[in-house]
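Here is the structure we will look at.
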Amino acid sequence: METTSASTVKTKRKDKSEDAHEERQKEEQRPDPSGEPQRKLLRLGETLDKPLAAPELHLNAAYQQKELTQWLQTTWEKADQTVKEEKTGAQVFGDPFQICLLPGLMAEGTSKALVSEIIDKVTWSRKQMDLYEFYQSTDLSNMPRCRLLTNFLQVLRKQVRPWLEKVTNLKLDYVSASCSMYTCGDYLLVHDDLLKDRQIAFIYYLSPWEGAEEWSETQGGSLEIFSSDDQCFPQFPVHRKIAPKDNQFAFFKVGSRSFHQVGEVTTFDYPRLTINGWFHGETNEAFVPDSMRAFPRLSYLQPDSLNKPPLGLLLNNVYLKTATRRSIQKRIEENSEICLYEFFKREKFELARAQLLSDDETLVWRRQGPANAHNYEVMDLSTARGTIQELLQLFRSNAMFDLLRDFTDLDLSGPDAVRPKCSVELQRWSHGNYTVLGDGLVSEENTLDLVYYLNAAEGAAVITYLSPDGELPNEKEKTGSDDEEDDSVLLTISPVDNALNIVYRCEGTTKFTKYVSRNTPLEKGPVFVISCSYKE
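Note that the UniProt record's numbering has the sequence shown beginning at 1, numbered continuously upward.
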């Protein structure tokens, strides 16, 4: 198929009035101090006993003792096991990477005073990308109205930074910090925090409400730690969970194995409030090898010439008509995508869905990783039987390559076809599953994607395609950019039962499948996706 479009979906040119209208819409969508989550914070603030006067911020005296500093320094240097200091409750974990927990970091009453100021004065921005959904403030250095938060930043700079240099034996030049708030359904997926000069990552927890000083695992929001394999890829399952605890300070060494995430918050009662950031120094020695680490890629196979499925017995007859094929080809040439509803005969679809939901003995599934790229299940295609096997064989058959040639005018078969190939995967999606942007999902050449849903549910396995020219959202996360641009979003595919989505991807186009929140209704069971990619 000939195309001059540089993106998956052609967009019409907007006039100035449309631009102005969109700008007004963006203004309306920006966080409003009188809206949620601010209203909820204000209600929670009413339950706090506000201090009569703003306290002076200082570290808990116990952490300023020379003996404790020496104990931490020695324990951190060894870092080969979990060790706890009895007097303060400080803990150091050595596996899978160095982490330290300091309960009661600040003097009593500090967290309550900080939360009161956050409620009264902090303005929140909503962060929504492939990797995360939560609220974030600006950097603490840009908060002249917030006296306590500004003072807390000074404590980090003048007291905590030199103290951490002694404990970790690292040269730390400066600190960056902001406030984060996770409400029910918010999360931050697996990442390593590794950026050029980040040396130590930290989280200071704020949860002063009575009965919520220490969260349970059922409330979510834990700092979840992952181990990694020989190639420094994070592995399932989660190795350790650290639940939010008021006035606790957690820090860890940033490196090529420092994989962690913030588990989805599942409580509606309280937000997960933190002050978090990094202590920066010289270029992190792990940065260069980490930047060269590539995600695993799809493997492609040639069409199965021995397999000759009867299209007339599987497909909706309307898609076999010549006029329909011409209409589909025209639509794809104009828009680079199309959704073909009721693609398979209804009885075939129902049989396949029923088999997927009930066959736990024959079908074999495995989790697809690594955790910083994917988290969903894929079926071992050799275990497919019955109707499922029929459908999967169809997608690799010469008959399907012929049909897609007619739909798209791509050289997938016929005399001009050189070496066409495809990748076929049957995925199972449940709560907590996702893919994030990365090299493994960037199209290195023009590709035709097929996405077919069974047992579809709203909000589960939603796929977003992004322009090759757009800045990757996880790059924005690393650089701390506050500019949230949606111009790079080319197409979003929402799940519809028995619908085949066809998307022509140009080189450089990338995609991700949105995290499936635990608030997503999956009463009918998991969502199944047949995901295929074809190349000429």
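Each residue gets a CB set at the ideal place from its N, CA and C atoms; glycine is no exception. Source: prediction; values computed, not measured.
| Query | Result |
| --- | --- |
| Alpha carbon of alanine 79 to alpha carbon of arginine 396, nearest angstrom | 51 Å |
| Start-end ranges of the beta strand (DSSP E) lying completely within the segment 108–166, minimum 3 residues | 125–128 and 132–139 |
| Assigned secondary structure, threonine 447 (DSSP; H/G/I helix, E/B strand, else coil) | strand |
| Identified DSSP bridge partners for cysteine 532 | Val424 and Leu450 |
| Simplified DSSP assignment, three categories, for serine 228 | strand |
| Cβ shell of leucine 105 (< 8 Å), same chain only, five flanking positions each side left out | Leu59, Asn60, Tyr63, Tyr204, Asn247, Gln248 and Phe249 |
| Contacts around histidine 239, its chain only, beta-carbon distance under 7 Å, and the 5 residues preceding and following it disregarded | Pro96, Ile225, Phe226 and Ser227 |
| For tyrosine 187 and leucine 314, the rounded distance between their alpha carbons | 41 Å |
| Near the ligand SAH: leucine 340 beta-carbon under 7 Å from a heavy atom | Because no ligand of any kind appears in the structure shown, any question about the ligand SAH cannot be addressed here. |
| Residue closest to tyrosine 465, alpha-carbon to alpha-carbon, out of Tyr452, Asp269 and Leu491 | Leu491 |
| Buried versus exposed, by CB contacts within 10 Å (16 or more), arginine 297 | exposed |
| Opposing strand residues paired with histidine 191 [DSSP bridges] | His260 |
| Limits of the unbroken alpha helix (DSSP H) element including glutamine 38 | 38–45 |
| Beta-carbon separation (whole angstroms), tyrosine 300 vs serine 423, contact threshold 8 Å | 5 Å |
| DSSP beta-bridge partners of lysine 241 | Glu224 |
| Residue span of the beta strand (DSSP E) that contains threonine 274, given as start and end | 272–281 |
| 8 Å Cβ shell around tryptophan 365 - same chain, five flanking residues per side excluded | Glu377, Val378, Met379, Asp380 and Arg428 |
| Closest Cα partner of aspartate 402 within the set Lys524, Ser413 and Leu306 | Ser413 |
| Interface flag, glutamine 70 vs chain D, CB-CB below 8 Å | Protein chain content of the structure displayed is limited to a single chain, and chain D is not contained in it. |
| Distance between aspartate 360 and glutamate 350 (C-alpha atoms, nearest Å) | 17 Å |
| Three-state secondary structure (DSSP) of leucine 206 | strand |
| Of the residues Gln368, Phe528 and Leu140, the one placed nearest phenylalanine 152, counting alpha carbons only | Leu140 |
| Neighbour-count burial assignment, arginine 43, 16 or more Cβ in a 10 Å radius | exposed |
| Beta-carbon proximity check, leucine 363 vs asparagine 455, cutoff 8 Å | no |
| Beta-carbon gap between isoleucine 242 and serine 222 smaller than 8 Å | yes |
| Run of the alpha helix (DSSP H) containing phenylalanine 401, from where it starts to where it stops | 398–408 |
| Cα-Cα separation, cysteine 532 to aspartate 449 | 6 Å |
| Length of the line joining the Cα atoms of tyrosine 270 and lysine 158 | 32 Å |
| Beta-carbon contacts of serine 258 that lie in its chain and below 8 Å, excluding the five residues immediately before and after | Phe97, Asp192, Asp193, Leu194, Ala201 and Phe252 |
| Test item: CB-CB of glutamate 342 and asparagine 501 under 8 Å | no |
| In DSSP terms, what threonine 513 is bridged to | Ile463 |
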